[in-house]
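One structure is given here, and the rest of the page talks about it.
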Amino acid sequence: MAERLKKSGLIGELSAEFAGTMILILFGVGVVAQVVAGGGLTTPPGGLGNHDSIAWAWGLGVTLGVYVAARLSGAHLNPAVTLALAAFKGFPWSRVAPYALAQTAGAFVAALLVRWNYSEALAKFDPTHTIKSQGVFSTLPANGNPNLPVTEWGALRDQVIGTAILMLLILAVTDLFNTPPGANLAPFIIGLIVVAIGMAWGTDAGYAINPARDFGPRLASFITGYGGAWRDQYGHFYFWVPIVGPLVGALVGAAVYKFFVGRYLPTAEPEPPGRVPTPEGEEA
C-alpha cells in the first residue's frame, strides 16, 4: 500500500481531489436543484425539501467526498483549505494551484451533470434561466432575496467569517495533538460542521465557504444558458465574493486556531497520566 501511494504522486492526489469535490457538488448542487426547481413545481410548492434538507445534503456531500479522497490527497476539496494548510501546516506551496484547479474541475463537471439531469425541471421552473434558479448552482447575497438588503460587501464579510469558522474547526478536528475523533470519524464530524454552518450562517450569502464550490458550478451554469451567472440580483458583479471571502477567511481561521489553541498543545511527548487511556500492555 505504501509503495502504491508513493507511486501515485501528484497525479493521484489531483485525481482524488477531483473525484472528492465532484461527489461533494453532486450532492450539494443536486439537493438545491431538487428543492428549488423540483420543489417549485409541486402542489403546493416546496414539496421536495427545504433549507434543512439542503444543509444536511451539503454536509453529507462533504463527508462522502472526504471519504473518497482522504487516503490519497488529504481531501481538502476546497482551495481555501488548501491555501490555509500551505500557510500554516506545511503543505507544499507548489501544489496549491494544482489542487485548486482539480477541485474546481471536479465541481464544474459535477454541476454539468446536475444541470443535465435536472434540465426538464429547470426549463419548466425557469424557462429563460434567470436569477430565479441561478441559486441552484452558485450563491447570491441573501440567497437572491431582494427583501433582505445584503450587498456584495455584506456577503464578503459573511464569507470571511463563515470560512474562518470552518477552517478553525477543521484544524481542531484533524489536529493529532488535540482530541481528534477516533474510528475514522473525522470526515463525518467535518460534514456536521458544514451542516451547522449552513443552519447558522446561510442567510447572508448562502455559505459557499469554498471558491471551487461556487466558481465551478457558476461557470457550468454560464455555459449552459445562464447569461447572468456572474452577477447578483442587483446586477452587480458578484462572482468574486465567494472566491475572495473564503480565501481570506480560511487564513483568518487558521491563524486564530494557531494563536489561541495550537501553540499551547503538547508536542509528541507522552501525555501526563490520566489524560488519555493507557495503551493495552503498558503500565499506567
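Each residue of the sequence shown is one higher than the one before, counting from 1 in the working numbering. Glycine included, each C-beta is placed from N, C-alpha and C at the ideal position.
In the pairwise beta carbon analysis, the segment 151–161 is classified as touching the segment 199–209: at least three pairs are separated by under 8 Å. For the set 33, 213 and 102, the Cα lying nearest the Cα of residue 19 is the one of 102.
Rounded to whole angstroms, residue 79 and residue 42 show a C-alpha spacing of 37 Å. Here residue 86 has 93 and 96 as same chain residues with Cβ atoms under 6 Å from its own Cβ, once five neighbours each way along the sequence are excluded. Nearest in C-alpha terms to residue 168, of all of 21, 36, 91 and 256, is 256. For residue 260, the number of other beta carbons within 10 angstroms of its own is below 16, and it is reported as exposed. Its chain contains 135 and 206 as the residues whose beta carbon lies nearer than 7 Å to that of residue 143, once the 5 sequence neighbours on both sides are disregarded; these appear in chain order. Nearest to residue 27 by C-alpha distance, out of 133, 254 and 61, is 61. Taking C-beta atoms as the reference points, residue 125 and residue 40 count as a pair closer than 8 Å. Comparing alpha-carbon positions, the option among 219, 209 and 14 lying closest to residue 248 turns out to be 209. Linking residue 244 to residue 214 through their CA atoms gives a straight-line distance of about 11 Å. Assigned with DSSP and collapsed to three states, residue 108 falls in helix. For residue 91, the secondary structure class from DSSP, reduced to helix, strand or coil, is coil. Look at residue 237 here: in three-state DSSP terms it is strand. Segment contact: the segment 55–70 against the segment 172–191, three or more CB-CB distances shorter than 8 Å; contact assigned. According to the DSSP secondary-structure assignment, residue 231 is paired through a beta bridge with 237.
Between residue 231 and residue 237, the CB-CB gap stays under 8 Å.
Contact between residue 100 and residue 212 holds, with the beta-carbon distance rounding to 7 Å and staying under 8 Å. Secondary structure at residue 18: helix, using DSSP grouped into helix, strand and coil.
Take residue 132, set aside five residues on each side of it, and the residues of its chain with a beta-carbon closer than 7 Å to its own are 126, in chain order.
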